[in-house]
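Structure, as structure tokens:
There are 2 protein chains.
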Amino acid sequence: MRIIGEKINGTRKTVAQAIAARDAAFIQNLARRQWEAGAHWLDLNAGAHPERESDDLRWLVEVVQAIGPVRLSLDSANAEALAAALPLASVPPLINSISGEPARLEGILPLVARFGCPAIALALDGSQVPATLEARMVVVRRMVAAARAAGVPDEDLYVDPLVMTVGTNTEAGRLFLDGLRAVRAEFPAVHLTAGLSNVSFGLPARALLNRTFLTLAMGAGLDSAILDPLDGELRAALLATELLLGQDRHCLNYTRAYRAGKLGAPKVDGAFAPLARP
Amino acid sequence: MRIIGEKINGTRKTVAQAIAARDAAFIQNLARRQWEAGAHWLDLNAGAHPERESDDLRWLVEVVQAIGPVRLSLDSANAEALAAALPLASVPPLINSISGEPARLEGILPLVARFGCPAIALALDGSQVPATLEARMVVVRRMVAAARAAGVPDEDLYVDPLVMTVGTNTEAGRLFLDGLRAVRAEFPAVHLTAGLSNVSFGLPARALLNRTFLTLAMGAGLDSAILDPLDGELRAALLATELLLGQDRHCLNYTRAYRAGKLGAPKVDGAFAPLARP
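This is the structure:
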């Protein structure tokens, strides 16, 4: 699994304050802890104030890269902000995200191609998430075709079939899992990703639902996700699932985490066994 | 999910002692707690002393049925013990189990047919578990054909593709999950079951692996399992998985368990939200 560490997100109040105050130490602490926990990319979202998103995103890229050789994920639907930040990245960052919306496909895909970035592709075509699997696949096919035409290889695409909450539609989880399998069957080289926590919106005991859904989604082929790598129970579920799916050679990651006393431990920031970074 | 409550098992020391001492209160307490927790069947295993298995199994059937209208699972490979106990059961019990071994297929299947019982069918042909999926499917096909010939309908069969520990073969989990999907594809009407805890044999933090594997297996079609219905974390994972797979209409079981304060609670015998009994 490739984890996109979700914590540097300007829609969180403390992060928005740190960005506004240019509090580099706060941001770098979040970055360092997620990176040490095994995040494959560190998501950077500066979208709280659209009028200064370009400046804020550039600042985030610079302060986070200052901690060491990390990989970044630029979380923006704003082509101008992405174009401003991309030249500062020392390795091509993950672009989070393109979608089937013309503004994002035509505005952002050229940047993805020009800078040689991997990119998340949302099965989304407008403001509404398509209700059926087939409608989502229509969007996925269009995005893959557009990416190929722009010279972006399938293996740089991280398709997100989009999960909605089971709180209002109990079929939403299965629809997403079927979506993972359908994308995998039709496009064997693309990666599959998700923002899993939507599945539990409006329901109690969300952490339980989110980590259980992570396991189900990995069983259906998910190989990437945006999540909190500092959540100990989530990480334990992830390590257990990798072992059970034959993705942990000689059980090394799992047994190392156990010996460190961290499997299934309650959530304690800073006390954890790192995930393996593929 | 149909749960087979596993706790009345003569290979457990306290249960063996209770059987030997004819301690009905001890056995009935185990039975009542599992039934109230939502077990669909209560497994009865009197195999610790083969020379008196028939008497012990008959005694177990009588004392457990005395608590009320419960469903039983007779856990024996001994046709004589089964033949002795079956006439005492007030509703046809689950037979645990037949296999591809001639002695069990020819010795036990006629009892299954005569008493109209559901039965677990293990993908096992001798003392060794077949190493490949195809070899297991050969056994499954032979068992289904023999059951049909004996008049046992597919929907009374609970096929167990057999899970081995990932501790010695990291492909064992995936092999089992592929087995579930293969049986489901070829025999849509049969049920799928498992003794999941084998998957973690020899590994640390087994409870984490077992409940994670339950989720993966349910995602692959498992609709029954033998497990401990008094394990709170296992039950929480099961309820979350049912909700996420669209098997919990209006989220009722999940939210009821939450309101009872029992989701994700540490294992406390006797303090739990019951599973829904289908």
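Chains A and B supply the protein sequences, listed in that same order.
Taking the numbering used here, I'd label the letters of the first sequence as residues 1 to 278.
Taking the numbering used here, I'd label the letters of the second sequence as residues 279 to 556.
Positions of the beta carbon are idealized from the N, C-alpha and C atoms, including for glycine.
A quick note: this is a predicted structure, and the numbers were derived from the prediction, not measured.
Would you mind telling me which residues of chain A sit closer than 8 Å to B/E449, beta carbon to beta carbon, in chain order? The residue you call residue 449 of chain B lines up with position 171 of the second sequence. In chain order: G246.
Best match in A/V64, A/V140 and A/S54 for proximity to A/W35 [C-alpha to C-alpha]: What you label residue 35 of chain A is simply residue 35 of the first sequence in a count that begins at 1. Looking at the Cα atoms, A/V64 is the closest of the given residues.
Should A/L244 and B/G451 be called a contact, given that it needs their Cβ atoms to be closer than 8 Å? Walking along the first sequence from the start, residue 244 of chain A turns up at place 244. Walking along the second sequence from the start, residue 451 of chain B turns up at place 173. For A/L244 and B/G451, yes; Cβs fall inside 8 Å.
Considering only DSSP beta bridges, list what A/N45 is partnered with. As a working note, residue 45 of chain A is residue 45 in the first sequence. Beta-bridge pairing links A/N45 to A/N9.
Quick check: the Cα distance between B/L322 and B/G394, rounded to an integer number of angstroms? Translated into the one-based positions of the second sequence, residue 322 of chain B becomes position 44. Translated into the one-based positions of the second sequence, residue 394 of chain B becomes position 116. If I take the Cα positions, the gap works out to 18 Å.
Does the beta-carbon of B/P466 have 16 or more other beta-carbons within 10 angstroms, so that it is buried, or is it exposed? As a first step, residue 466 of chain B must be located in the second sequence, where it is residue number 188. By the 10 Å Cβ count, B/P466 comes out exposed.
Quick check: what's the CA-CA separation for B/T576 versus B/V407? Residue 576 of chain B lies beyond the residue range present for chain B, which begins at 279 and ends at 556; the question has no answer from this structure.
For A/I120, name the three-state secondary structure that DSSP assigns. Here residue 120 of chain A is taken as the residue at index 120 of the first sequence, counted from 1. Correct three-state label for A/I120: strand.
Mind pulling the chain A residues with CB within less than 7 Å of B/T410? The count along the second sequence starts at 1 and reaches residue 410 of chain B at position 132. Ordered by position in chain A, no residue passes the 7 Å Cβ test against B/T410, which lies about 15 Å from the chain.
Anyone know if the C-beta pair for A/S73 and A/P93 falls short of 8 Å? As a first step, residue 73 of chain A is located in the first sequence; it is residue number 73 there, counting from the start. As a first step, residue 93 of chain A is located in the first sequence; it is residue number 93 there, counting from the start. Yes, they are a contact pair.
Closest Cα partner of B/P328 within the set B/D353, B/C529 and B/R392: What you label residue 328 of chain B is simply residue 50 of the second sequence in a count that begins at 1. Here the closest residue by C-alpha is B/D353.
Evaluate A/T14 with the Cβ neighbour count: other Cβ atoms within 10 Å of its Cβ, from every protein chain shown; 16 or more gives buried, anything less gives exposed. Numbered from 1 along the first sequence, position 14 holds the residue referred to as residue 14 of chain A. Exposed, by the Cβ-count rule.
Alpha-carbon spacing of B/A551 relative to B/L541, whole angstroms: Position 273 of the second sequence, counted from the start, is the residue given in the question as residue 551 of chain B. Position 263 of the second sequence, counted from the start, is the residue given in the question as residue 541 of chain B. Confidence is the limiting factor: at B/A551 the pLDDT is only 48, short of 50, which leaves the residue's position unreliable, though a coordinate-based value still follows. About 8 Å.
Spatial neighbours of A/R211 in its chain, beta-carbon cut-off 7 Å, leaving aside the 5 residues before and after: Counted from its first residue, the first sequence places residue 211 of chain A at position 211. So the list reads E233, L234 and A237, once near-sequence residues are dropped.
So, does the CB of B/V407 fall closer than 8 Å to a CB anywhere in chain A? Within the second sequence, numbered from 1, the residue matching residue 407 of chain B stands at position 129. Closer than 8 Å: no.
If you follow the beta strand (DSSP E) that A/A194 is in, where does it begin and where does it stop? For the purposes of this step, residue 194 of chain A is identified with residue 194 of the first sequence, where counting begins at 1. Here A/A194 belongs to no beta strand (DSSP E), and DSSP marks it neither H nor E.
So if DSSP puts A/Y318 in a beta bridge, which residue, or which two residues, is it bridged to? One cannot answer for residue 318 of chain A here, as it falls past the ends of chain A, which runs 1 to 278.
Starting from B/A491, find everything on chain A with Cβ-Cβ shorter than 7 Å and list it in chain order. Position 213 of the second sequence, counted from the first residue, corresponds to residue 491 of chain B. Strictly speaking, residue 491 of chain B in this sequence is Phe, with Ala absent from that position. Residues of chain A passing the Cβ test: L244.
Cβ neighbours of A/T213 in the same chain (closer than 8 Å, five flanking residues each side left out): Within the first sequence, numbered from 1, the residue matching residue 213 of chain A stands at position 213. Rather than Thr, the amino acid found at residue 213 of chain A in this sequence is Phe. V163, G173, L196, V199 and S200, listed in sequence order.
Using the Cα positions of A/S99 and B/I282, report the straight-line distance between them to the nearest angstrom. For the purposes of this step, residue 99 of chain A is identified with residue 99 of the first sequence, where counting begins at 1. For the purposes of this step, residue 282 of chain B is identified with residue 4 of the second sequence, where counting begins at 1. Rounded to the nearest angstrom, the two C-alpha atoms are 46 Å apart.
Using CA atoms only, rank isn't needed, just tell me which of A/L30, A/L177 and A/R52 is closest to A/G291. Since the displayed chain A opens at 1 and closes at 278, residue 291 of chain A lies outside it and no answer follows.
Within its chain, find whatever has a CB closer than 7 Å to the CB of A/A182; leave out the 5 residues flanking it on each side and keep chain order. As a working note, residue 182 of chain A is residue 182 in the first sequence. So the qualifying residues of the chain are L133 and M137.
Contact set between the stretch 217-243 of chain A and chain B, restricted to residues whose Cβ is under 7 Å from the partner: G219, A220, A236, A237, A240, T241 and L243
For A/I98, the three-state DSSP class (helix, strand or coil): In the first sequence, counting from the first residue as 1, residue 98 of chain A sits at position 98. A/I98 falls in the strand class under three-state DSSP.
Chain A contact for B/P365 (CB, 8 Å cutoff): As a first step, residue 365 of chain B must be located in the second sequence, where it is residue number 87. Chain A, which has no Cβ nearer than 8 Å to the Cβ of B/P365, makes this no.
Could you give the first and the last residue of the continuous alpha helix (DSSP H) run that contains B/L308? Translated into the one-based positions of the second sequence, residue 308 of chain B becomes position 30. Start and end: A302 to E314.
Run through chain B and tell me which residues come within less than 9 Å of A/G38, C-beta to C-beta. Translated into the one-based positions of the first sequence, residue 38 of chain A becomes position 38. Ordered by position in chain B, no residue passes the 9 Å Cβ test against A/G38, which lies about 18 Å from the chain.
With B/S368 and B/I398 assumed to form a contact (beta carbons below 8 Å), what rounded beta-carbon distance in angstroms separates them? One-based indexing of the second sequence puts residue 368 of chain B at position 90. One-based indexing of the second sequence puts residue 398 of chain B at position 120. So it is not a contact: roughly 20 Å between Cβ atoms.
Excluding the 5 residues preceding and the 5 following B/R420 in the sequence, name in chain order all residues of the same chain whose CB lies nearer than 6 Å to its CB. Translated into the one-based positions of the second sequence, residue 420 of chain B becomes position 142. The answer, listed in chain order, is G378.
Below 9 Å on C-beta distance, what does B/A483 contact in chain A? One-based indexing of the second sequence puts residue 483 of chain B at position 205. Neighbours of B/A483 on chain A, chain order: A236, A240, Y254, A257, Y258, L263 and G264.
When you compare the CB of A/G107 with every CB in chain B, is at least one pair closer than 8 Å? The count along the first sequence starts at 1 and reaches residue 107 of chain A at position 107. Not an interface residue.
With which residues is A/D75 paired in a DSSP beta bridge? Here residue 75 of chain A refers to the residue found at position 75 of the first sequence. Per DSSP, A/N96.
State the beta-bridge partners of A/S224 as determined by DSSP. Sequence index remark: in the first sequence, residue 224 of chain A carries index 224 (1-based). In DSSP, A/S224 forms a bridge with A/R2.
Check whether the Cβ of A/D269 lies closer than 8 Å to any Cβ atom in chain B. By one-based count along the first sequence, residue 269 of chain A stands at place 269. Below a pLDDT of 50, predicted positions are generally treated as unreliable, and A/D269, at 39, falls in that range; no measurement from the model is reported.
Own chain residues within Cβ distance below 6 Å of B/A543, not counting five before or after: Taking the first residue of the second sequence as position 1, residue 543 of chain B is located at position 265. Confidence at B/A543 is low in this model, with a pLDDT of 46, below 50, so the placement of that residue is unreliable and no value is reported for it.
Quick check: is the beta carbon of B/G473 nearer than 8 Å to any beta carbon in chain A? For this step, residue 473 of chain B is matched to residue 195 along the second sequence. Chain A, which has no Cβ nearer than 8 Å to the Cβ of B/G473, makes this no.
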